[in-house]
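Working notes, beginning with the structure itself.
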Amino acid sequence: MGWQSRTRTLQVFDTELSADTVEWCPLPQWSHVLACGTYQLQKGDDKQTADDSTAPNRIGRLYLFHCNPQPSFIPPLTETQRIDTPAILDLKWCHVPISERPLLGMATASGEIQLYKLMEPQQGTCGLECELRAELGPDRLALSLDWSTGRGESDVRVVSSDSNGSLTVLSLGEASLTALCQWKAHDFEAWISAFSYWDTPIVYSGGDDCKLKGWDLRMSPSSPTFTSKRHTMGVCSIHSNPHREHILATGSYDENVLLWDERNMKQPLSETAVGGGVWRLKWHPSQEHLLLAACMHNDFHILHCQKAMEGQDAPCPVLASYILHNSLAYGADWSRLPLSNSMPPSPQEPPQTSIGLTQSTGHLRIQYESPTASFDTSLEDDSGQYIPDHTCLLPEKSPVPDPFTSPDRDAQSLSCLMATCSFYDHMMHVWRWDWSPEKEKMPSEPSS
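This is the structure in structure tokens:
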């Protein structure tokens with residue numbers, strides 16, 4: 008049976024400052040809540056001399072949205088709050104409620120981990136309030152964070168990586184966020200840190216030294232449990248599969264997604280070239296084989312990882328791509344909101360966006376991908392790069408078989424809601440992906 012893959016833009020939001028992280032709340036009662044973080048480097052006055060050691064000012068803004076994805080001509084997102092903050096490098100919701108409320112963690116350019124509790128005032132509009140914060144140390148940027156709660160862990164901890172190459176593990180108490188340990192993990196920036204959701208004393212990290220490392224918190228963190236140089240450039244994305252034990256996904260500036268069996272970190276299960284540095288990887292909330300990748304200068308892709316996870320040494324096929332961003336693809340996340348399985352309307356339907364998507368004759372291609380440093384650009388025309396048009400629907404067909412593993416689900420469809428954001432054009436998109444079996448033509452129907 009053939010399968011049809013389609014993506015459709017639902018809304019585009021201008022974040023004003025450069026957007027680099029988006030996160031849907033994973034808790035069922037609040038799955039309509041979406042957070043987006045931004046990062047803007049404000050350069051000093053042009054009159055400053057070379058001797059002026061004033062550090063550049065990195066500012067950010069935290070956005071909160073309410074989403075109603077039901078079919079209508081009204082854009083699904085409603086902004087409910089914006090908070091000016093230090094520049095935000097990463098956002099992650101805790102997977103379990105804390106004091107019966109959602110808790111959002113934020114890694115900032117001020118070197119802090121900040122925790123925000125989602126409150127619901129009497130008027131019914133959700134809002135974030137800063138609850139706790141912890142400093143990682145002087146002269147560093149907090150670059151990432153992850154919670155130990157990916158599978159409902161009751162001992163709630165946070166791991167963070169920073170620009171000094173260090174990792175910090177913090178424990179969440181009733182009224183405190185306390186550092187349990189901190190150690191030097193990488194020679195340069197430690198871009199990413201993550202828990203093994205199946206064995207939470209295990210922590211992984213990736214750095215600009217091109218190394219992927221594992222750490223066991225039950226032992227002294229002065230020595231890693233393994234060091235892999237399988238990636239050939241900086242390692243900047245790691246995500247433990249919450250549905251399938253021992254499966255780990257990593258991404259790098261080397262433009263490859265690697266899948267690993269945590270029991271054997273000498274050789275990956277598979278290697279998939281995605282054509283762009285892999286800044287973020289997110290496993291689907293319920294489908295264990297689906298992986299969303301934010302690929303910097305090559306858009307966003309949904310990978311089908313079933314064969315690789317079964318031990319077949321083959322790249323993961325791309326089921327769908329979202330290519331309507333016009334800058335570095337950084338933030339990406341799956342929503343847990345339920346959607347109808349109906350396919351999107353025809354391409355003639357007018358776009359449902361909060362701002363117009365207009366055609367252009369060229370765009371800037373970013374040559375250096377780090378969000379914390381300078382960058383060079385060059386203008387490319389239609390012959391070399393995709394220029395987004397104003398149609399919402401991008402039909403795609405894939406030779407990949409049914410993404411579901413159970414044969415009795417052959418006739419079912421999958422519909423997902425996603426949020427993605429891009430950096431220098433400061434845009435956040437909300438879009439849906441529909442995956443359904445193609446209808447077989449009746450013998451009497453003429454072929455197209």
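The sequence shown begins at 8 in the working numbering and counts up one residue at a time.
In this text, a Cβ means the ideal position worked out from N, Cα and C, and glycines have one as well.
(Q) Taking a contact to mean a Cβ-Cβ separation below 7 Å, would you say A26 touches H433 in this structure? (A) Mapped onto the sequence shown, residue 26 falls at position 19. Mapped onto the sequence shown, residue 433 falls at position 426. Contact: yes.
Q. CA-CA distance, S183 and K314?
A. Within the sequence shown, numbered from 1, the residue matching residue 183 stands at position 176. Within the sequence shown, numbered from 1, the residue matching residue 314 stands at position 307. One Cα belongs to S183, the other to K314, and the distance between them is close to 44 Å.
Q) Roughly how many angstroms lie between the CA atoms of T28 and W10, to the nearest whole one? A) Taking the sequence shown and counting its residues from 1, the one referred to as residue 28 is at position 21. Taking the sequence shown and counting its residues from 1, the one referred to as residue 10 is at position 3. Spanning the two alpha carbons is a distance of roughly 31 Å.
Q) To the nearest angstrom, how far is it from the Cα of R251 to the Cα of G144? A) As a first step, residue 251 is located in the sequence shown; it is residue number 244 there, counting from the start. As a first step, residue 144 is located in the sequence shown; it is residue number 137 there, counting from the start. Using only the alpha carbons, I get a separation of about 35 Å.
(Q) Extract the residue ranges of the beta strand (DSSP E) inside the stretch 231 to 274, only unbroken runs of 3 or more that lie entirely within it. (A) Here the runs fully enclosed are 233 to 235, 242 to 247, 254 to 259, 263 to 268.
(Q) Do S200 and L187 have their beta-carbon atoms positioned less than 7 Å apart in this structure? (A) Your numbering for residue 187 matches position 180 in the sequence shown. Your numbering for residue 200 matches position 193 in the sequence shown. No; because the gap between Cβ atoms is not below 7 Å, this pair is not in contact.
(Q) Using a Cβ-Cβ cutoff of less than 6 Å, which residues in the same chain neighbour L98 once the five nearest sequence positions on both sides are dropped? (A) As a position in the sequence shown, residue 98 is number 91, starting the count at 1. Excluding sequence neighbours, L98 sits near T28, E30, A42, G44, M113.
Q) K191 by DSSP, collapsed to three states: which one? A) Taking the sequence shown and counting its residues from 1, the one referred to as residue 191 is at position 184. If DSSP states are grouped into helix, strand and coil, K191 belongs with the strands.
(Q) Give me the residue from K220, L111, Y46, H296 with the minimum Cα distance to L71. (A) In the sequence shown, counting from the first residue as 1, residue 71 sits at position 64. That would be L111, whose Cα lies nearest to the Cα of L71.
Q. Does the Cβ-Cβ distance between C323 and T279 come in under 7 Å?
A. Working through the sequence shown from its first residue, we reach residue 323 at position 316. Working through the sequence shown from its first residue, we reach residue 279 at position 272. Yes, Cβ-Cβ distance for C323 and T279 is below 7 Å.
**Q.** Residue-level contact to chain D via CB, S235, 7 Å cutoff
**A.** Looking for chain D here will not work: only one protein chain is present.
Q) Just to confirm, are T462 and T132 a CB contact at a threshold of 7 Å? A) As displayed, the chain neither begins before 8 nor continues past 455, which places residue 462 out of reach and without an answer.
Q. Roughly how many angstroms separate the alpha carbons of D206 and S168, rounded to a whole number?
A. As a working mapping, residue 206 is identified with position 199 in the sequence shown. As a working mapping, residue 168 is identified with position 161 in the sequence shown. Distance from the CA atom of D206 to the CA atom of S168, rounded to whole angstroms, is 19 Å.
Q: Tell me whether the beta-carbon of L331 lies closer than 7 Å to the beta-carbon of S38.
A: Your numbering for residue 331 matches position 324 in the sequence shown. Your numbering for residue 38 matches position 31 in the sequence shown. One thing to note: L331 has its Cβ no nearer than 7 Å to the Cβ of S38.
**Q.** DSSP beta-bridge partners of K220
**A.** The residue you call residue 220 lines up with position 213 of the sequence shown. K220 is bridged to S212, T234.
Q. Which ranges would you report for the alpha helix (DSSP H) in the stretch 97 to 125 if only whole runs of at least 4 residues count?
A. Taking 4 residues as the minimum length, the stretch 97 to 125 contains no alpha helix (DSSP H) run wholly inside it.
(Q) Just to confirm my understanding: we take V163, look at its own chain, exclude 5 residues before and 5 after, and list those with CB closer than 8 Å. What are they? (A) Mapped onto the sequence shown, residue 163 falls at position 156. Same-chain partners within the cutoff: C101, V103, I105, W154, S155, T156, S178, L179.
Q: State the CB to CB distance for the pair S328 and M425, rounded to an integer number of angstroms; the pair is presumed to be in contact (CB under 8 Å).
A: On the sequence shown, residue 328 is found 321 positions in, with the first residue counted as 1. On the sequence shown, residue 425 is found 418 positions in, with the first residue counted as 1. The distance from the Cβ of S328 to that of M425 is about 12 Å, inconsistent with a contact at the 8 Å cut-off.
Q. What residues match up with N64 in a beta bridge as DSSP calls it?
A. Here residue 64 is taken as the residue at index 57 of the sequence shown, counted from 1. In the DSSP output, where bridge partners are listed per residue, N64 has Q49.
(Q) For a quick check, are the C-beta atoms of K50 and P63 less than 7 Å apart? (A) For this step, residue 50 is matched to residue 43 along the sequence shown. For this step, residue 63 is matched to residue 56 along the sequence shown. Yes, Cβ-Cβ distance for K50 and P63 is below 7 Å.
Q) By the 10 Å Cβ neighbour count, where 16 or more other Cβ atoms means buried, how is N248 classified, buried or exposed? A) On the sequence shown, position 241 is the one that residue 248 refers to. Taking a 10 Å sphere around the C-beta of N248, we find 16 or more other C-beta atoms and assign the residue as buried.
(Q) Within a Cβ cutoff of 6 Å, which residues of the same chain sit near D53, ignoring the five residues on either side of it in sequence? (A) Position 46 of the sequence shown holds residue 53. Interpretation of D53 is limited by its pLDDT of 49, a score under 50 that renders its predicted location unreliable; no figure is taken from the coordinates.
Q: Give me the Cα-Cα distance between Y211 and P231, rounded to the nearest whole angstrom.
A: The residue given as residue 211 occupies position 204 in the sequence shown. The residue given as residue 231 occupies position 224 in the sequence shown. In a straight line, the C-alpha of Y211 is about 9 Å away from that of P231.
Q) Taking DSSP as the reference, what is the three-state secondary structure of Q36? A) Position 29 of the sequence shown holds residue 36. Assignment of Q36 by DSSP, reduced to helix, strand and coil, places it in the helix class.
**Q.** Selection from L421, F430, S429 that minimises the alpha carbon distance to T14
**A.** The residue labelled residue 14 in the question sits at position 7 within the sequence shown. Nearest C-alpha to T14: L421.
Q | Given D194 as reference, the closest of Y204, T185, S173, P208 once Cα atoms are compared | A | Taking the first residue of the sequence shown as 1, we reach residue 194 at position 187. From the listed residues Y204, T185, S173, P208, the smallest Cα separation to D194 is found for S173.
Q. In three-state terms, what does DSSP make of Q313?
A. Taking the sequence shown and counting its residues from 1, the one referred to as residue 313 is at position 306. It is helical.
Q) For L24, which residues from the same chain have a beta carbon less than 8 Å from its beta carbon, with the 5 sequence-adjacent residues on both sides left out? A) Taking the first residue of the sequence shown as position 1, residue 24 is located at position 17. Close CB contacts of L24 within its chain, under the 8 Å cut and outside five residues either way in sequence, are with T45, Y46, Q47, I66, G67, R68, H433 (chain order).
Q) Is the distance from the Cβ of W198 to the Cβ of L150 below 7 Å? A) The residue given as residue 198 occupies position 191 in the sequence shown. The residue given as residue 150 occupies position 143 in the sequence shown. Going by C-beta atoms, W198 is nearer than 7 Å to L150.
**Q.** Assigned exposure category for R225 - 16 Cβ within 10 Å defines buried
**A.** The residue labelled residue 225 in the question sits at position 218 within the sequence shown. Exposed, by the Cβ-count rule.
Q. Do you know offhand how far E7's Cα is from P83's?
A. Shown here, the chain extends from 8 to 455; a query on residue 7 therefore has no answer.
(Q) Determine whether the beta carbon atoms of R237 and H253 lie at a separation below 7 Å. (A) Position 230 of the sequence shown, counted from the first residue, corresponds to residue 237. Position 246 of the sequence shown, counted from the first residue, corresponds to residue 253. No.
**Q.** Rounded separation between K273 and K220 - CA only
**A.** In the sequence shown, the residue the question calls residue 273 occupies position 266. In the sequence shown, the residue the question calls residue 220 occupies position 213. About 11 Å.
Q: Compare the Cα-Cα distances from Y204 to each of V165, F233, T175 and report the closest residue.
A: Your numbering for residue 204 matches position 197 in the sequence shown. Ranked by Cα distance from Y204, the options V165, F233, T175 are led by V165.
Q | Limits of the unbroken beta strand (DSSP E) element including E278 | A | Counting from 1 along the sequence shown, the entry for residue 278 is found at position 271. E278 -> beta strand (DSSP E) spans 277 to 280.
Q. Tell me the DSSP bridge mates of T156?
A. In the sequence shown, residue 156 corresponds to position 149, counting from 1. In the DSSP output, where bridge partners are listed per residue, T156 has none listed.
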